[in-house]
Every structure is written in structure tokens, then in C-alpha cells.
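First comes the structure, then the notes that go with it.
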Amino acid sequence: MIVWLAVGGGLGPFAGKLGQVATNDSAAFLPQSAESTKVLALQRSMDTRESVPLVLVWASTPRPLPQASVGQAQEALTRVARIPGLAEPPTPVSPSGDGQALQAVAPLRADLGDKLHATVDQVRSAAAIPGATLYLAGPAASQADLVDAFAGIDGLLLGVALAVVLVILLVVYRSVLLPALVILSAVFALGLASGIVYVLARHGVVRIDGQVQGILSILVIGAATDYALLLSARFKEELTRETDRFTAMRTAWRRSVEPIGASATTVALGLLALLLSDLSNNQALGPVGAIGVACAALSAVSLLPAVLVLLGRTAYWPARPHTGDNTSSGIWQRAAALISRHPRRVWALSLAGLVAAACLLPLFSARGLPLDETFIHTEPSVTGQRVLDAHFPAGQGNPAVVLTDPARTGQVLAVARATPGVAATTVLPTAPGSRLATVNAVLSDAADSHAAEQTVRALRTGVHQVPGAGALVGGYTAQQLDIQDTAAHDRGVIIPVVLAIITFILVLLLRALVAPLLLVATVVLNYAATLGISALVFPAVFDLHGADASVPLYGFVFLVALGVDYNIFLMTRVREESLRAGTRTGVLRGLTTTGGVITSAGVVLAATFAALGVIPLAFLLQIAFIVAFGVLLDTLVVRSLLVPALVYELGDRIWWPSRLRHGPAERAHAERGTRAVTTAEQ
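Residues 0 to 681 in numbering that gives the first Met the number 0 are what the sequence shown lists, from first letter to last.
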């Protein structure tokens, strides 16, 4: 207790400081080997003052702008040029073809960091002119809105998550102290994890953004609560058998530490598999998430046992357990009775429902979201982009960038102009001493559209064929295209690795082959069913017509790793009971004794991840729904019905090739025979 109080007091404040070492610059998380990333690196070498474009749009829809508007806008740009955050002077004012809008680009410095939002506000104030409405669009405006979206993420997420956990625990356990103790354990775990991550991020060992930061808080709170509930429930069960609280805790700790350790190892290694990704934000989540899960497990097996054993039965006040109490729930006894009477019917119906939902998986699209669906609410940058697209070529604010040998500029320019989907091209002035020329290609379609991505693919194919040009294509659309291609590649590499890790850990834990393969197959089916349901829910409920390219991978890692957790909690208890009474009796006992605590843990974890929905970003909303719905589906259907019914149906064969497959009578006979042979030899 003293050690943990010192840890909490020293590292707790770092949970609110992670935002100081986080970056929300999307360019920092591009695929490391992608063509668009190489373009960015070359641009930095050509111009030490890297810039982020802020597009200014003056519009008076549906009326034409007054004739004086061009001069007024140019004067406004003179004021904008004096703002310290600009990397270079704004471009000249350009009128739209319909005469209802003007546009210019103010390149902001890429190293503004926390000052970006203030600089955008300064530009908004300086660029206003009478008779027209000013809109801001482009990457700089989107980043400013992103900063707003993550503002106060530490306190908001933590407050919502802890409030949800507290309410659920109070309702389920009808105890005043236990929820407070569980939350205390989770908060201390988060403090330890935040302190470690803060130090690592400060020294450049790991990199975090707002998404990773938010997921860390939710993951630690959810995992720590799950592990705490497992231990506290086992301690309560042992208190009904033992009068001495120390003896009860020793038994509870020994029986709980193995499943908690296996669960934490499964999730941590699954997250560390993200290091195989070529996307830096995936790589960042891997070690950060693993650190969080390790701290959650450490708190659950050290801090919480110390608190519980000090308080004893008082920890569960007013529903204190007494020796001889029955801890089984009537609901789970009825579920066990149903499985014992109709095991085949139970697993067949459960399996049919999951397969039907999984058949919807082809409808799930992960080609990325358009800019106007990135935020849950209509942010200023989204409105600005819509106005820009309405009056100018859709890709005006985010042109494709082509870097080429200056001697081949003419040929590359001709290829770009001939590429279908390219609306206009411009050769930018070459900096003195530069070895590369820059061609901007404005796309006909919106830069965040699938059509624009196809144009970039065609543009790359064309310019790559120009002899001696060494041309590379980058820019916003190219970056999104590379992210999607890399995400698809990552799924093909990381998903098999995660499955292999989970299967290996289950084999070691259960000392069998059939049971681990069955458990892995059920959680994968649960994942497929969840994505299938999500394909219907996202457009119908959230008005999101697609998903971020990383959503399927994040969903898989969380759902499969966390889904196996509940099967680990169940099957370790089933194995313990099977050693005494056989598999069929063991699975029924395991279900009745663990059903309540595992279901409570699943509800808490689902509600905790659902708290991510308070951040107005589509990516986190989609992750929140997938994990919350998937965990509930796994808890209520897969772990409560499908797995127990299948184990009951298979009987002792589920433990093949371990000795458990022979049943208790055969094992006892074999052990007597072994002892007889040993005695004769002696």
C-alpha cells in the first residue's frame, strides 16, 4: 500500500500531462516507406521552413461578389502576411469562375505546434472583408479543428469512463466500498502507465497522438477493472469457505494470478504485434497499449489484494459474504441447466446467429472517410472545404505534388496534363541550388474522394515512366492512398501474428490443443459478426459511409485479444473444476461460478470503450462501437452460450492431448496403476 501510494502520488499527475508530448500532425504518422512520405522528406530538404497550407475562401453565395472584393481581399492578405506564424507570403487572390468566391493560400509554419490554433484565429481576424463571408479550409484548418477535438481529452475521458464504471459497479454489486476500491486500483494503474509513457515520449522513444492517448486511458481503466473484478469475486467466493481472510486471499490470489497474467500477456503481445505495421500511429499504440495493460495487471495482483485483505469482509459492505453463503447466481444456474439439457440446440442457434451476422462482412468498407465525415459534428474546416469545392476545382486546396528532375520538367508536366482527372497544373519556382522541380497538379475531384485516389494512381504510373525524371507523387490524396494501401498490407501481416500469439498462450495455459483452437475460432467469428453488424449501423445510425483504414485492425486487436480474456477466465475455472468432477460437470460449474463476474466485466469494458464516443471524431466513434458491441456480443453469446455448449458437447475430448481427456475415473485408475508399478519397483 505504501509503495503504491508513493507511485500514485508521484506519477498520477502525468495522466493529465500526456497532451504536452502528443502530436496531432497527421504527416507525422505516414507510412515510413511510402512514396508520399519520401516527397515530404525531399520537400523538407529543399525548404527548411516546411509549411502547411491554409486555404482562405471569400464567398457571397448566391450573389456575385462586389467588384471591390478582389482589392479588399488582396489588402487582407497584406495584413495576413505580417502574422508571425506564416512560412512565406500568401499566394495572390484567385477568383472563381462563377464570380461568387475568391481564394488564396496562406502557408503556415509546420512547427507551430500548440500555437497553430491561435495562428489560424489570427488569420481569420485579419482576412475578414466586408460583403463576403470568410471560410478557412485545407490541412492547417483541419489540424486546428483536430486540436479542438482533443482539447481536454485527459479529464473528459477519465471522468466519463470512471463515472460509467462507478454506476455499473454500484448497480451490479450493491456495495459501497468495492466500486471505490476497483476504481482506485484502475486510477493508480493509469497513473503508473501515464508516467512511464510520458517519460518515453519526452525522450522520443515512443510517439503518441490524441487517438493513442485516448485509447490508453480507456484501455487501462477497462483492463484494470476487469482484472480487479476477477480477483475480488474470487476473494468473495473464498470468504464463503474460509473464516480467515488471509487464507482466503492466498487461495484467491493463486487461482486468479494465472488467468490475469495470461490475459494481460495475450493483450500486451497482441498490441506489440502492431510494431510490425508500417504506420507510425499503429507502431505507437503497440508499446503504449502494452505498457498500459501491464500496469493494469500489476495493480490488480498487488495493490488490490493488499487493500482487500486489509479490509476483509468489510470491503463488500453492506453485502458482506459469510461462511457457507451460496455465491452462484440463479440466472447462470438456469443457463447451465439449459446447456446440460440441450447443448446441441444452444450451440447451433448461437453459431447460426453469428454466422448470419458475419455474412454481412463484405459490406464493411475501410477505404477511408471523406473529410466531411472525419468529424462527428460539422467543424469550420469541413464547412470551408465544402464552399471551396462548390466554387473551385474540387482538389484546389490540396493539389497533388510531383517532384522531378528539373531537366525533365516539361515531359512530366505534359504527362500530368494528359492524365484524366487532373484539372490544372502549375510549375513552382525552383529554389536556388535545388536538385528537384515541383509541379502542382490540381485534381478535378475532391482530394478525399475515391476518384481522386484513382487519379493519383494514374498520375504515378504516368510520371514514373518518364525516363530519367525520378518523379515522385505526394500531397494529401497521395498520403491517404498510401495509408490505405499500407493498412491493407498490415492487416495481412499482423492478424495472423496476433492469432498465432493468442493460440500459443492458450496452449500453454490450458495444456491442450483442441480447446485453444476452439476459443480462437469463436472470437474470430465474433469479430467478423461485429464488423458485419457495423456495416449496417455506421451508415444507418451514425451517417458514416465507410471507415478509417486502421479501424479493422484496431478492432481485431482489441476484440480478439480482449475477447479471449473472458474465455481465459471461463476456461481456467472449467479446467480447475474438470480436474475434480469431469469436463461436463466442470463446464457447468465454471459457468455458474464465473458467469456473473465475467458478464459484469464485459459490461464495464464495453461501457468504458463507449466513452470514446464523447470525442467528436469518426475514427474513435467507430472503434468505440466495434469494441463495445463486440465485447457485449462475446460476453452474452459466445462466452455464455456458444463456448460452454460446445465444450459440453465435446466433453473430455476438448482437452486433447492432455490427461484431462481421459476423465476423472480413468485418470484415477491410471494414477493407481502408476503408484502400484512404482511400489513394485521399489
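All C-beta atoms, glycine included, are put in the ideal place defined by N, C-alpha and C.
Original post:
For I634, which option in I532, G594, A609 has the closest C-alpha, if you only look at C-alpha atoms?
Top reply: The sequence given here places Thr at residue 634; Ile does not occur at that position. Closest in C-alpha terms to T634, from the list I532, G594, A609, comes G594.
Original post:
Beta-carbon separation of L270 and A289 under 7 angstroms?
Top reply: Cβ atoms of L270 and A289: closer than 7 angstroms.
Subject >> Same chain, Cβ closer than 6 angstroms to R510, five either side skipped, listed in chain order >> reply: Correct list, in chain order: S657.
Original post:
When you compare only the Cα positions, how much space is there between N397 and S448?
Top reply: Going from the Cα of N397 to the Cα of S448 covers about 12 angstroms.
Original post:
Apart from the five residues on each side of it in sequence, which residues of its chain come closer than 7 angstroms, Cβ to Cβ, to L4?
Top reply: Nothing meets the Cβ criterion.
Subject >> Nearest residue (CA-CA) to V146, options Y172, A457, V414, I614 >> reply: Here the closest residue by C-alpha is I614.
**OP:** Please name the residue in V586, Q621, V536 whose C-alpha comes closest to that of D547.
**Re:** Minimum Cα distance to D547 is reached at Q621.
**OP:** Give me the Cα-Cα distance between R666 and E576, rounded to the nearest whole angstrom.
**Re:** Below a pLDDT of 50, predicted positions are generally treated as unreliable, and R666, at 46, falls in that range; the measurement from the model is reported next regardless. Those two C-alpha atoms are separated by around 14 angstroms.
**OP:** State yes or no: is the C-beta of A399 within less than 7 angstroms of the C-beta of V472?
**Re:** Result yes, Cβ atoms of A399 and V472 sit closer than 7 angstroms.
**OP:** State the beta-bridge partners of Y134 as determined by DSSP.
**Re:** For Y134, which the question treats as bridged, DSSP gives the partners V56.
**OP:** May I ask you to report which of helix, strand or coil DSSP gives N439?
**Re:** N439: strand per DSSP, three-state reduction.
Subject >> Integer Cβ distance of S223 from A100, believed to fall under 8 angstroms >> reply: Reading the sequence as shown, one finds Ala at residue 223 and not Ser. Contact flag wrong, Cβ pair sits at about 53 angstroms.
Original post:
Comparing alpha-carbon positions, which option in V563, Q102, L53 lies nearest P389?
Top reply: Note on residue identity: the sequence assigns Ala, not Pro, to residue 389. Checking every option, the nearest Cα to that of A389 belongs to Q102.
Subject >> Selected residue, minimal CA-CA separation from Q483, among R456, A136, V630, T60 >> reply: When R456, A136, V630, T60 are compared, the shortest CA-CA separation from Q483 is found for R456.
Subject >> Alpha carbon of A293 to alpha carbon of I195, nearest angstrom >> reply: If I take the Cα positions, the gap works out to 11 angstroms.
Subject >> Neighbourhood of V92 by C-beta, 8 angstroms cutoff - its chain only, sequence neighbours within 5 removed >> reply: The residues are V69, A72, Q73, L76, L101, Q102, A103.
Original post:
Does the region 340–352 touch the region 278–286, meaning 3 or more C-beta pairs lie closer than 8 angstroms?
Top reply: Segments in contact, no.
Original post:
Cα-Cα, which of L111, L569, S364, K37 is closest to P83?
Top reply: For P83, the nearest C-alpha among the options comes from L111.
Subject >> Local conformation of V204 per DSSP, three classes >> reply: Three-state DSSP puts V204 in coil, outside helix and strand.
**OP:** Confirm, please, whether the CB-CB distance from V266 to V56 is below 7 angstroms.
**Re:** Result no, Cβ atoms of V56 and V266 do not sit closer than 7 angstroms.
Subject >> Boundaries of the alpha helix (DSSP H) in which G473 is found, first to last residue >> reply: Run containing G473: none in the alpha helix (DSSP H); it sits in the beta strand (DSSP E), 471–473.
Original post:
Which residues in the same chain have their Cβ closer than 6 angstroms to the Cβ of D127, if we skip the five residues on either side of it in sequence?
Top reply: The identity of residue 127 in the sequence shown is Ala, whereas the question assumes Asp. Counting only Cβ-Cβ distances below 6 angstroms, and skipping sequence neighbours, we find L133.
Original post:
Considering only C-alpha positions, which residue in the set G7, G8, S141, E648 is nearest to H341?
Top reply: The residue from G7, G8, S141, E648 with its alpha-carbon nearest to that of H341 is E648.
**OP:** Please determine, among A21, Q19, E34, the residue with the shortest C-alpha to C-alpha distance to L458.
**Re:** Nearest in C-alpha terms to L458, of all of A21, Q19, E34, is E34.
Subject >> Limits of the alpha helix (DSSP H) - the one that V6 falls within >> reply: It spans 1–10 - the alpha helix (DSSP H) in which V6 sits, taken as one unbroken run.
Original post:
Ordered along the chain, which non-local residues of its own chain (more than five positions away) have a Cβ less than 6 angstroms from that of T607?
Top reply: Once the five neighbours on either side are set aside, the close Cβ partners of T607 are A160, I217, I220, G221.
Original post:
What distance in whole Å lies between the Cβ atoms of P178 and L189, which are believed to be in contact at a cut-off of 8 angstroms?
Top reply: No, L189 and P178 are not in contact; Cβ-Cβ is about 16 angstroms, not under 8 angstroms.
Original post:
To the nearest angstrom, how far is it from the Cα of Y553 to the Cα of L359?
Top reply: Rounded to whole angstroms, Y553 to L359 spans 19 angstroms at the Cα level.
**OP:** May I have the straight-line CA-CA distance separating P52 from L107, to the nearest angstrom?
**Re:** For P52 and L107, the distance between alpha carbons rounds to 6 angstroms.
Subject >> Beta-carbon contacts of A450 that lie in its chain and below 6 angstroms, excluding the five residues immediately before and after >> reply: Within the same chain, D444 come within 6 angstroms of A450 by CB-CB distance, once the 5 residues on both sides are set aside.
Original post:
By Cβ distance below 7 angstroms, which residues in the same chain neighbour I182 in space, the five residues on each side in sequence not counted?
Top reply: Apart from the 5 residues on each side of it in sequence, I182 sits with its Cβ closer than 7 angstroms to the Cβ of L161, V164, L165 in its chain, given in chain order.
Subject >> Rounded C-alpha distance that separates S339 from A644 >> reply: In a straight line, the C-alpha of S339 is about 8 angstroms away from that of A644.
**OP:** Have a look at T47 and T425 and give me their C-alpha separation to the nearest angstrom.
**Re:** Residue placement at T47 is flagged as unreliable, the pLDDT there being 45, under the threshold of 50; a coordinate-derived value is accordingly withheld.
Original post:
If you drop the 5 nearest sequence neighbours on each side, which residues of the same chain put their C-beta closer than 7 angstroms to that of A675?
Top reply: At A675, the pLDDT of 39 sits below 50, so the modelled position is not reliable; the number obtained from the coordinates is stated separately. Nothing listed; no residue qualifies.
Original post:
What did DSSP end up calling A86 once you bin it into helix, strand or coil?
Top reply: Per DSSP, reduced to three states, the secondary structure at A86 is coil, with no helix or strand assignment.
Original post:
Taking DSSP as the reference, what is the three-state secondary structure of P369?
Top reply: In this structure, P369 counts as coil in the three-state DSSP scheme.
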